[in-house]
């Protein structure tokens with residue numbers, strides 16, 4: 001996904017008017033390519049791991065709740081939209 005972001009930024013940059021380059025310093029433009037895209041490369045994998053862990057906790061909680069109190073199974077199914 002960061003490759004797509006980089007390519008999109010690069011295409012937009014190539015189509016930018018000359019006034020854009022006169023207003024924005026070169027360092028700021030380069031920072032968008034190196035710093036911001038690099039941060040995404042670092043943060044996305046960690047976020048996916050966190051999401052998987054949280055999803056596992058939610059599923060486990062629902063299963064345990066249904067086993068301990070079968071009447072709550074109906075409530076869980078309604079809340080999940082099933």
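Numbering (full-length UniProt numbering), first residue to last: 1 to 82.
Cβ coordinates follow ideal geometry from the N, Cα and C atoms, glycine included.
{"Query": "Secondary structure of residue 15, DSSP reduced to three states", "Result": "coil"}
{"Query": "Sub-8 Å separation of residue 32 and residue 3 beta-carbons", "Result": "no"}
{"Query": "Close-in-space but distant-in-sequence residues of the same chain around residue 66 (CB under 8 Å, 5 per side omitted)", "Result": "72, 73, 76"}
{"Query": "Range of the contiguous alpha helix (DSSP H) that encloses residue 103", "Result": "Only positions 1 to 82 of the chain appear in this structure, which leaves residue 103 out of reach."}
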